[in-house]
Amino acid sequence: MPNDVDQIKSRLDVVDVIGEYVSLKQSGQNWKGLCPFHGEKTPSFMVHREKQIWHCFGCGLGGDIFEFIEKFENVDFPEALEILARKAGVELSREVQPGASNKRTRLFQLLSEAVNFYQEQLKSDPGSSARQYLASRGVTAESISSFALGYAPAEWDKLVTRVLVWRN
Ligand SMILES: [Zn+2]
14 MPNDVDQIKS RLDVVDVIGE YVSLKQSGQN WKGLCPFHGE KTPSFMVHRE
64 KQIWHCFGCG LGGDIFEFIE KFENVDFPEA LEILARKAGV ELSREVQPGA
114 SNKRTRLFQL LSEAVNFYQE QLKSDPGSSA RQYLASRGVT AESISSFALG
164 YAPAEWDKLV TRVLVWRN
């Protein structure tokens with residue numbers, strides 16, 4: 014069951030979204046421009062298309078498209094979700110009340126992001142031994158997906174760097 018956030022992310026590109034607000038120039042793998050969050054004359058605001066994140070080396074802010082919209086439009090997560098859903102042409106699957114500052118919604122999003130992350134890990138290279146183990150125990154692909162089984166890689170900071178963008 015793909016969640017709204019994933020669906021929106023798969024349809025929008027960080028460079029296009031931010032490019033609507035900030036004039037960006039390509040520079041190697043990055044796109045850069047003047048940071049909209051602090052005054053500067055030399056661009057230190059970077060947008061990374063491959064990772065779909067942005068970061069400002071001047072003021073230290075960064076995140077994904079949701080964090081950008083939250084900060085730029087000065088809205089909370091549910092509103093940013095609505096704005097981006099509209100841009101992406103995604104119909105939100107659950108009731109999100111704009112303005113009802115919603116820690117709960119954010120927490121659920123965070124957890125679902127974490128679940129997705131561990132599931133992806135199980136499907137990718139680092140999870141191959143775990144996959145073999147599950148297969149040897151007769152756990153089917155169907156059970157793996159219905160019980161949302163995942164694999165936690167050895168690196169302690171993997172999830173943190175992945176969900177960095179969700180920090181408050
Ligand atoms: Zn900045």
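Quick note on the working numbering: the sequence shown kicks off at 14 and runs consecutively. No residue lacks a Cβ here, since even glycine has one placed at the ideal position from N, Cα and C. No experiment lies behind these values; they were computed from the predicted model shown.
Of all the alpha helix (DSSP H) runs that stay within the bounds of the region 24-81, which reach a length of 4 or more residues?
For the region 24-81, whole alpha helix (DSSP H) runs of length 4 or above, ordered along the chain, are 27-32.
Assign Q134 to one of two classes, buried (16 or more other C-beta atoms within 10 Å of its C-beta) or exposed (fewer than that).
Here residue 134 refers to the residue found at position 121 of the sequence shown. So Q134 counts as buried.
Run the proximity test for E53: is its beta-carbon closer than 8 angstroms to any non-hydrogen atom belonging to ligand 1?
Reading the sequence shown from its first residue, position 40 is the one you call residue 53. The answer is yes for E53.
Sort G75, Y164 and V152 by Cα distance to A143 and report the nearest one.
Taking the first residue of the sequence shown as 1, we reach residue 143 at position 130. Closest by alpha carbon: Y164.
Residues in its own chain within less than 7 angstroms of P49 by CB, not counting five upstream and five downstream?
Residue mapping note: residue 49 aligns to position 36 of the sequence shown, counting from 1. Once the five neighbours on either side are set aside, the close Cβ partners of P49 are Y34, V35 and F85.
Suppose the cutoff is 7 angstroms on Cβ atoms and the five residues either side in sequence are ignored; what does the same chain contact list for E83 look like?
Position 70 of the sequence shown holds residue 83. If we look at E83 and ignore the five residues flanking it on each side, its Cβ neighbours are D89, F90 and A93.
Buried or exposed: where does G112 fall if 16 or more other Cβ atoms within 10 Å of its Cβ makes it buried?
Position 99 of the sequence shown, counted from the start, is the residue given in the question as residue 112. With a pLDDT of 49 at G112, under the threshold of 50, the modelled position of this residue cannot be trusted; read the value that follows with caution. Burial call: exposed.
Any idea what DSSP makes of G140, helix, strand or coil?
In the sequence shown, the residue the question calls residue 140 occupies position 127. Correct three-state label for G140: helix.
Going by the C-beta, is G73 closer than 8 angstroms to any heavy atom of ligand 1?
Residue 73 sits at position 60 when you count from the first residue of the sequence shown. Yes; taking the cut-off as 8 angstroms, the Cβ of G73 has a heavy atom of ligand 1 nearer than that.
Tell whether a beta-carbon distance below 9 angstroms holds between P56 and G41.
Sequence index remark: in the sequence shown, residue 56 carries index 43 (1-based). Sequence index remark: in the sequence shown, residue 41 carries index 28 (1-based). For P56 and G41, no; Cβs fall outside 9 angstroms.
Would you check if the distance between the CB atom of W44 and the CB atom of H61 is smaller than 9 angstroms?
If you number the sequence shown from 1, residue 44 lands on position 31. If you number the sequence shown from 1, residue 61 lands on position 48. Contact: yes.
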